Amino acid sequence: MADRRPVLLVVDDEPAILGIVRRFAESEDFDVATHAGGRDLVAELPALKPDVALVDRNMPEVGGLDILRTIREIDPACQVILMTGEATVDSAVEAVKLGALDYLSKPLDFDRLRELLSTVRHGIERRRRLLAADTELASRFEFYGMIGRSPAMQELFDLIRRLAPHARTALLTGETGTGKELVARAMHRLGPRRDRRLVVFNCSAIVDTLFESELFGHTRGAFTGAVDSKAGLFETADRGTLFLDEVGELPLAVQAKLLRAIEYGEVQRVGSSEARRVDVRTIAATNRRLSDEVSAGRFRQDLYYRLNVVDIGLRPLRERREDIPYLTAAFVKEFGERFGKSLTGVSPGAERLLHNAPWPGNIRELRNMIERACMLSEGRMLSEREVLHALGGATQRGPTLPQPAAQADSLDAQPQLDGRTVERVLQQVGGNRSAAARRLGISRRALYRRLDAFGLR
Amino acid sequence: MTEPSASNRVTHDLVHEFKNHLAVIVGFCDLLLRELPDTDPRREDVLQMQKAGRDALALLPRLTTRMP
Ligand SMILES: Nc1ncnc2c1ncn2[C@@H]1O[C@H](COP(=O)(O)OP(=O)(O)OP(=O)(O)O)[C@@H](O)[C@H]1O
């Protein structure tokens with residue numbers, strides 16, 4: 000890929016001209032593809048991936064200006080040079096306004112053409128260097144899988160570095176998709192327990208009645224269905240780290256037991272009177288304002304204070320937009336490689352769109368969007384159109400589904416919600432599970448259960 | 000502006016065709032001149048052809064501007 004020869008596409012209805020340009024450009028170290036007209040060109044562009052196209056302006060079927068427009072739209076990385084038998088100032092201006100690199104008259108001036116080809120070649124090299132530099136920069140601003148060059152992120156990395164060796168508990172606060180789980184993982188990897196387990200538990204993913212046994216385990220026969228005794232997550236995470244995502248969803252009764260586990264290192268399996276000792280570092284995360292939950296009586300104040308000893312706040316993406324280009328470069332690289340496409344970045348128009356979008360689903364939404372755009376992409380840069388298209392999924396109104404009945408929280412309450420619907424809605428909202436749940440008219444917990452049931456998690 | 004007469008149209012199209020053919024002739028001359036070694040005696044022949052082609056191209060605008 001690094002020493003791929005640049006590709007010139009020549010479109011002219013006069014075969015002799017095709018032959019002349021081919022011979023010239025090949026001697027200039029270009030690979031040359033020729034086309035006798037504009038028809039079928041659109042379908043072939045993605046496979047050809049030309050770096051530059053030399054297009055005759057006056058052709059019987061599809062005019063050169065239309066081809067120019069099409070190429071600029073499908074593959075903005077491809078430069079277009081128009082040629083014509085009768086160049087006028089007006090038509091040259093028009094072509095350049097439409098994005099042509101230049102406008103040549105026939106017979107072609109080879110010296111001029113050679114200059115243009117070398118301009119194109121330098122452009123390719125510069126882009127390649129830029130992408131390499133961007134990725135290089137991105138890795139410099141990377142911290143345990145998190146990318147961020149904004150002061151907010153740099154401070155966050157610094158805070159994690161300093162706290163990780165010491166903090167026994169921590170509370171991570173931030174909107175959905177801001178990277179709370181990544182922070183938890185970084186804390187674990189940088190802390191003294193890095194060789195032990197990190198157990199992840201999503202508190203919104205489970206029904207109320209099962210919390211206790213999930214977290215603390217149960218004895219055999221403790222309740223119907225408890226055919227064997229089972230260790231809870233606290234025991235599993237013993238001497239390691241337990242990450243409790245969406246801790247605000249825990250029922251009050253369980254909160255009291257959680258406090259005891261954190262404060263005294265004591266857990267009791269359901270159905271047992273015996274207290275077991277565990278040594279677990281607990282990292283909790285929430286996208287709610289827990290202080291509000293406390294005022295509303297939904298979250299225990301003592302547990303809040305206990306968790307809040309170390310409070311790490313994650314800023315939403317819209318408040319640190321300077322990170323967007325770095326995140327974008329990293330995601331384009333990741334998905335370009337995953338899909339086997341030689342993507343070199345995003346077009347300036349696409350970059351502007353990405354920079355200005357509201358990103359309610361934060362980095363997860365950006366990442367999912369780039370993934371979709373990379374999947375769709377046919378050029379070497381994500382175009383404005385591809386980004387709009389991929390973004391469209393996140394802003395369009397989804398299907399309006401019936402409001403849930405009172406008992407919507409059981410899986411079969413809405414049998415019409417099949418896996419495909421859930422997946423589609425989730426895509427439309429950029430992976431933001433709260434928004435997906437709202438749109439589907441079910442609770443977040445119900446959504447998680449469905450995701451589990453459909454194997455979508 | 001008056002409508003171009005039918006015979007003007009024909010002339011115009013013919014001029015266009017001529018230009019295309021001449022562009023091919025001159026184009027191949029240009030290619031040959033790039034490819035032939037500096038010492039090759041045939042360069043002189045090709046230069047002659049190239050010049051004749053260019054001169055012919057240069058005449059073409061006079062055909063159209065002469066038209067009434
Ligand atoms: N700074 C970052 N750099 C690169 N990728 C990131 C960053 N932050 C988040 N991501 C990616 O965004 C996605 C969401 O991150 P994560 O699951 O950590 O968010 P969260 O805050 O825990 O979300 P939720 O509250 O919905 O559980 C993941 O794919 C993660 O890899």
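Protein sequence lines, in the order shown, are assigned to chains A and B.
First residue of the first sequence? That's 0 in numbering that gives the first Met the number 0, and the numbers climb one at a time after it.
First residue of the second sequence? That's 0 in numbering that gives the first Met the number 0, and the numbers climb one at a time after it.
Every residue, glycine too, gets a C-beta built ideally from N, C-alpha and C.
None of these values were measured; they are calculated from a predicted model.
Please classify residue i as buried or exposed, where buried requires at least 16 other C-beta atoms within 10 Å of its C-beta.
| i | result |
| --- | --- |
| B:L77 | Residue 77 of chain B falls outside the range modelled here, since chain B spans only 0 to 67, and no answer is possible. |
| A:M58 | buried |
| A:K489 | Residue 489 of chain A cannot be examined here, being either before or after the span of chain A that is shown, 0 to 456. |
| A:E211 | buried |
| B:R50 | One detail in the question is off: residue 50 of chain B reads as Lys in this sequence, not Arg. Exposed. |
| A:P106 | buried |
| A:P347 | exposed |
| B:E16 | exposed |
| A:P359 | buried |
| A:M368 | buried |
| A:F338 | exposed |
| A:Y325 | buried |
| A:Q267 | buried |
| B:T38 | exposed |
| A:A131 | exposed |
| A:T223 | exposed |
Who are the Cβ neighbours of residue i in its own chain at under 8 Å, not counting the five residues just before and after it?
| i | result |
| --- | --- |
| A:P14 | A35 |
| A:L181 | Y143, G144, M145 |
| A:T168 | I261, R280, T281, I282, A283, R305, L306, V308, V309 |
| A:L352 | E383, V386, L387, L390 |
| A:T235 | R196, V198 |
Just to confirm the assignment, what range does the alpha helix (DSSP H) spanning residue i have?
| i | result |
| --- | --- |
| A:A42 | 40-47 |
| A:V20 | 14-26 |
| B:N19 | 5-34 |
| A:V51 | Element bounds for A:V51: not the alpha helix (DSSP H) but the beta strand (DSSP E), 51-55. |
| A:A169 | Where A:A169 is concerned, there is no enclosing alpha helix (DSSP H), although the beta strand (DSSP E) it sits in stretches over 168-172. |
| A:A475 | In the structure as shown, chain A begins at 0 and stops at 456. Residue 475 of chain A is therefore absent and cannot be evaluated. |
Between residue i and the rest of its own chain, which residues show a CB-CB distance below 7 Å, the 5 nearest in sequence each way excluded?
| i | result |
| --- | --- |
| A:N201 | D244, E245, Y447 |
| B:S6 | none |
| A:P250 | D207, F210 |
| A:R276 | G264, E265 |
| A:H354 | R320, I323 |
| A:A99 | L67, V79, I80, L81 |
| A:R111 | L103 |
| A:I334 | Before going further, note that residue 334 of chain A is Phe rather than Ile in the sequence given. Cβ neighbours of A:F334 beyond the five flanking positions: I369, E370, C373. |
Taking just the CA atoms, how far does residue j sit from residue i?
| i | j | result |
| --- | --- | --- |
| A:V308 | A:D133 | 37 Å |
| A:I66 | A:P357 | 35 Å |
| A:I205 | A:V386 | 36 Å |
| A:R68 | A:V88 | 19 Å |
| A:G216 | A:A284 | 22 Å |
| A:G296 | A:L302 | 12 Å |
| A:I16 | A:F29 | 16 Å |
| A:L232 | A:E141 | 31 Å |
| A:L53 | A:D157 | 52 Å |
| A:L375 | B:L62 | 53 Å |
| A:G344 | A:R366 | 14 Å |
| A:A255 | A:P191 | 27 Å |
| A:T33 | A:N361 | 45 Å |
| B:V25 | A:R71 | 31 Å |
| A:L214 | A:V253 | 9 Å |
| A:L381 | A:P45 | 13 Å |
Which first and last residues belong to the beta strand (DSSP E) in which residue i is found?
| i | result |
| --- | --- |
| A:E265 | 265-267 |
| A:M82 | 78-83 |
| A:I282 | 280-285 |
Cutting at 6 Å between CB atoms, please list the residues of its own chain near residue i, excluding the five before and the five after it.
| i | result |
| --- | --- |
| A:R314 | A151 |
Name, please, each residue of chain C whose Cβ falls closer than 9 Å to the Cβ of residue i.
| i | result |
| --- | --- |
| B:L58 | Absent here is chain C; the protein component of the structure consists of chains A and B. |
(request) Could you list the residues in the region 103-126 of chain A with a C-beta less than 8 Å from some C-beta on chain B, going in chain order? (result) K105, P106, L107, F109
(request) Check each residue of the region 76-107 of chain A: if its Cβ is closer than 8 Å to any Cβ of chain B, include it; give the result in chain order. (result) G84, E85, K105, P106, L107
(message) For the region 10-39 of chain A, list every residue whose C-beta sits within 9 Å of some C-beta in chain B, in sequence order.
(response) E13, A15, I16, G18, I19, V20, R22, F23, S26
(request) Residues of the region 2-28 of chain B with a CB closer than 7 Å to any CB of chain A: list them in chain order, please. (result) H15, K18, N19, A22, V23, V25, G26, F27
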